[in-house]
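Here is the structure we will look at.
Protein chains in written order, with my numbering: chain A, 50 to 357; chain B, 519 to 890.
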């Protein structure tokens with residue numbers, strides 16, 4: 050009996066060893082053929098080394114928080130040199146060819162800053178481009194450039210991140226992108242802008258504004274009206290005119306139409322998509338629009354660039 | 519044989535005139551009235567050829583010699599455009615334009631008709647008698663001047679409307695069938711929408727219209743003295759009221775025979791008829807967003823021309839060195855004539871208008887912008 054037990058134990062041990070070996074082989078094979086896990090591109094690239102370590106860490110945390118909240122790569126590139134390229138083209142190409150952008154639309158927003166040339170550029174793509182409208186870009190650009198001009202680079206990058214967070218949040222809340230007109234009509238939307246437009250004028254202010262506009266337009270229109278009046282009165286003094294035709298002398302009973310033929314030669318059709326607003330979520334807001342341009346990669350980007 | 523015809527009252531021997539109100543011949547002295555048919559026999563003398571009668575030639579030459587002897591010689595060009603006739607009432611010499619067909623003796627006021635101007639081939643086919651009197655013409659002239667603002671007030675005072683003259687103006691009347699064949703390119707555009715798209719559909723068509731337009735009695739004046747735009751402005755004349763030509767209708771009025779023949783006037787008539795033929799074809803095209811003419815051909819059939827005299831009251835007046843010509847259709851009363859402009863008055867009017875408009879716009883726009 051002891052002999053048989055000892056044999057059984059050896060069998061179990063051999064089976065276990067074989068199973069472990071098989072598992073090891075399988076794992077090794079899987080590891081050999083498994084897809085590599087790509088590292089996400091960094092949200093802060095400081096080639097010019099303008100930020101301190103502490104500033105970098107703080108900014109990175111902010112950018113990560115904003116990017117994760119809106120499923121879009123909101124990132125900053127501080128370039129040493131643009132290599133002779135236009136800042137907008139550099140930004141668009143950097144975005145596309147370095148694999149930035151999240152989701153199917155590769156949603157993201159890049160702020161490019163080149164301190165040596167005093168260049169900057171905003172580059173947006175996908176859903177983020179739709180959310181960061183032209184009015185939003187106006188607001189963002191003014192706020193960021195103010196910081197750049199004051200040499201507050203860290204402040205500029207933080208403003209960029211905060212601004213993107215605001216505009217993406219606005220889109221998520223109301224289903225439309227930010228528009229100045231909507232902010233005028235909905236004062237509570239001012240929190241989403243750095244420099245919101247003034248609220249609608251009071252009745253007295255509106256009246257004064259209307260009178261100023263009318264005072265400019267009315268004399269011009271009255272002058273044109275007076276000239277037309279004069280021409281019309283002058284024309285009435287002329288009653289001697291040649292006749293153009295001989296319509297009065299047509300004898301209809303002796304006239305006839307013999308051939309009347311209409312032949313369809315061809316038919317063409319075109320269509321344009323309708324932009325739908327979700328009225329319930331938007332609260333009556335019409336939303337802004339985004340201007341797009343095509344980069345060298347053939348992709349459509351929003352954004353703008355300049356020098357400060 | 520006399521070279522002029524004069525119409526004398528058979529009761530008192532006074533000169534007869536055609537009365538537009540009665541449409542008969544009337545003696546202004548004894549008020550006797552005569553039917554047109556009573557004076558028809560005088561027209562029997564008009565059946566001769568177009569060659570001037572020997573008496574006329576002699577009269578022209580004699581007249582020229584007399585003027586030369588008195589030292590007022592004419593140039594050869596003036597000679598060719600003038601004729602001299604003898605008044606049978608007072609014997610005076612009437613010097614008239616080569617185309618004058620009827621006038622009044624400047625000495626005794628007798629109405630004369632120059633036989634040779636309307637005889638043979640020169641005889642008009644039709645005549646529309648005057649329907650409106652001189653008094654009515656003068657009234658219309660005053661109304662015309664007063665109908666418009668900004669005519670100088672002095673102009674109406676200096677107009678001398680009593681000098682308005684009744685003239686029978688020679689016209690060529692063209693009748694033809696215009697066969698028009700016109701093709702067009704046309705488009706019809708349709709738009710609609712669904713939830714997702716706005717659609718636009720464009721259909722392109724080739725159209726053809728062909729037919730015959732008959733136009734009758736399209737007038738073109740045959741007198742170089744009458745501006746074409748003036749004679750066209752007083753249209754239309756109703757040729758249904760036209761009568762066969764009789765010289766008696768001319769008594770009391772001026773008349774000219776044509777000096778621009780029908781071949782020279784033909785182009786103008788055809789130009790007007792072509793425009794009407796094309797407009798008639800175009801009026802049968804409808805239901806399209808845009809239509810352009812691709813080709814147009816017009817040919818002419820059953821073309822005829824008639825010579826007619828139409829009644830026109832005419833007045834010429836001068837104002838600040840410029841000549842102003844007025845004309846009234848002697849049948850319908852339509853009055854035309856360009857009027858001078860009082861620039862100062864118009865300037866004031868423009869200021870007034872501009873001020874009122876400016877204030878109204880200011881108030882209106884301010885309210886619109888404030889409340890909307």
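We put the CB at the ideal spot given by N, CA and C, even for glycine.
Report the option in the options whose CA atom is closest to the CA atom of residue i.
| i | options | result |
| --- | --- | --- |
| residue 777(B) | 689(B), 763(B) and 702(B) | 689(B) |
| residue 479(B) | 174(A), 321(A), 303(A) and 186(A) | Nothing can be reported for residue 479(B), as the shown portion of chain B is limited to 519 through 890. |
| residue 95(A) | 203(A), 68(A) and 175(A) | 203(A) |
| residue 302(A) | 769(B), 768(B) and 733(B) | 733(B) |
| residue 622(B) | 792(B), 870(B), 834(B) and 768(B) | 768(B) |
| residue 613(B) | 607(B), 867(B) and 600(B) | 600(B) |
| residue 684(B) | 651(B), 641(B), 713(B) and 661(B) | 651(B) |
| residue 759(B) | 879(B), 883(B), 630(B) and 827(B) | 827(B) |
| residue 288(A) | 619(B), 659(B), 809(B) and 618(B) | 659(B) |
| residue 205(A) | 191(A), 341(A), 216(A) and 339(A) | 191(A) |
| residue 655(B) | 889(B), 647(B) and 681(B) | 681(B) |
| residue 238(A) | 253(A), 92(A), 216(A) and 100(A) | 216(A) |
| residue 821(B) | 869(B), 735(B), 835(B) and 610(B) | 735(B) |
| residue 817(B) | 877(B), 753(B) and 791(B) | 791(B) |
| residue 316(A) | 800(B), 743(B), 751(B) and 719(B) | 719(B) |
| residue 832(B) | 838(B), 848(B) and 819(B) | 848(B) |
| residue 298(A) | 783(B), 627(B), 549(B) and 738(B) | 738(B) |
| residue 752(B) | 853(B), 888(B), 814(B) and 800(B) | 853(B) |
| residue 851(B) | 837(B), 794(B), 701(B) and 538(B) | 538(B) |
| residue 179(A) | 357(A), 354(A), 349(A) and 356(A) | 349(A) |
Roughly how many whole angstroms lie between the Cα atoms of residue i and residue j?
| i | j | result |
| --- | --- | --- |
| residue 678(B) | residue 604(B) | 30 Å |
| residue 108(A) | residue 194(A) | 18 Å |
| residue 846(B) | residue 671(B) | 22 Å |
| residue 664(B) | residue 755(B) | 25 Å |
| residue 273(A) | residue 875(B) | 10 Å |
| residue 524(B) | residue 830(B) | 22 Å |
| residue 862(B) | residue 277(A) | 17 Å |
| residue 286(A) | residue 843(B) | 13 Å |
| residue 265(A) | residue 258(A) | 11 Å |
| residue 69(A) | residue 76(A) | 10 Å |
| residue 346(A) | residue 138(A) | 10 Å |
| residue 865(B) | residue 283(A) | 11 Å |
| residue 788(B) | residue 721(B) | 36 Å |
| residue 606(B) | residue 630(B) | 9 Å |
| residue 163(A) | residue 241(A) | 27 Å |
| residue 569(B) | residue 618(B) | With a pLDDT of 30 at residue 569(B), under the threshold of 50, the predicted position of this residue should be treated as unreliable, and no value is reported. |
| residue 611(B) | residue 528(B) | 25 Å |
| residue 596(B) | residue 608(B) | Note that residue 596(B) scores 44 on pLDDT, short of 50, meaning its location in the model is unreliable; the coordinates nonetheless yield the value given after this. Using only the alpha carbons, I get a separation of about 26 Å. |
| residue 102(A) | residue 181(A) | 30 Å |
| residue 883(B) | residue 870(B) | 20 Å |
| residue 187(A) | residue 119(A) | 21 Å |
| residue 638(B) | residue 666(B) | 46 Å |
| residue 541(B) | residue 872(B) | 52 Å |
| residue 740(B) | residue 761(B) | 19 Å |
Of all Cβ atoms in chain C, is any one closer than 8 Å to the Cβ of residue i?
| i | result |
| --- | --- |
| residue 728(B) | Among the protein chains in the structure shown, which are A and B, there is no chain C. |
For residue i, which residues of its own chain have a beta-carbon under 7 Å away from its beta-carbon, when the five flanking residues on both sides are left out?
| i | result |
| --- | --- |
| residue 115(A) | 123, 210, 213 and 214 |
| residue 90(A) | 147, 148 and 149 |
| residue 812(B) | 701, 702 and 703 |
| residue 356(A) | 167 and 168 |
Excluding the 5 residues flanking residue i on each side, which residues of the same chain have their C-beta closer than 6 Å to its C-beta?
| i | result |
| --- | --- |
| residue 806(B) | 704 and 706 |
| residue 642(B) | 763, 825, 826 and 827 |
| residue 730(B) | 695 and 697 |
| residue 780(B) | 690 and 823 |
Can you list, in chain order, the residues of its chain with a C-beta nearer than 8 Å to that of residue i? Leave out the 5 residues immediately preceding and following it.
| i | result |
| --- | --- |
| residue 840(B) | 858 |
| residue 757(B) | 644, 646, 691, 734, 735 and 826 |
| residue 104(A) | 203 |
The ligand COA and residue i: does any heavy atom of the ligand fall closer than 7 Å to the residue's C-beta?
| i | result |
| --- | --- |
| residue 189(A) | Of the ligands one can find in the structure shown there are none, so the ligand COA has no counterpart to examine. |
Runs of beta strand (DSSP E) wholly within the segment 603-688 of chain B (minimum 3 residues, chain order): Runs of the beta strand (DSSP E) inside the segment 603-688 of chain B: 611-615, 618-622 and 629-632.
Contiguous alpha helix (DSSP H) assignments of at least 4 residues, all confined to the segment 100-126 of chain A: Taken in chain order, the unbroken stretches of alpha helix (DSSP H) that lie wholly in the segment 100-126 of chain A and span 4 residues or more are 102-119.
At least 3 beta-carbon pairs within less than 8 Å: the segment 681-688 of chain B vs the segment 768-786 of chain B: Of all C-beta pairs linking the segment 681-688 of chain B to the segment 768-786 of chain B, three or more are shorter than 8 Å, placing the two stretches in contact.
Segment contact flag, the segment 692-700 of chain B with the segment 742-755 of chain B, C-beta cutoff 8 Å, min 3 pairs: Output reads no: the segment 742-755 of chain B does not touch the segment 692-700 of chain B.
Contact the segment 222-231 of chain A vs the segment 131-139 of chain A: 3+ CB pairs below 8 Å: Here the segment 222-231 of chain A makes no contact with the segment 131-139 of chain A; the two share fewer than three CB pairs at distances below 8 Å.
At least three beta-carbon pairs within less than 8 Å, the segment 56-75 of chain A to the segment 155-169 of chain A: They do not touch, by the three-pair rule.
Given 8 Å, three or more beta-carbon pairs between the segment 722-740 of chain B and the segment 304-317 of chain A: Short answer: they touch.
Meets three-Cβ-pair contact criterion under 8 Å: the segment 173-180 of chain A and the segment 144-155 of chain A: The segment 173-180 of chain A is in contact with the segment 144-155 of chain A.
Secondary structure, alpha helix (DSSP H): runs of 4+ residues fully inside the segment 745-771 of chain B: 746-751, all fully within the segment 745-771 of chain B.
Touching by the beta-carbon criterion (3+ pairs, under 8 Å), the segment 711-718 of chain B and the segment 288-304 of chain A: The segment 711-718 of chain B is not in contact with the segment 288-304 of chain A.
Contained beta strand (DSSP E) runs [length at least 3] in the segment 137-179 of chain A, N- to C-terminal order: With a minimum length of 3 residues, the continuous beta strand (DSSP E) runs that stay inside the segment 137-179 of chain A are 157-163 and 168-174.
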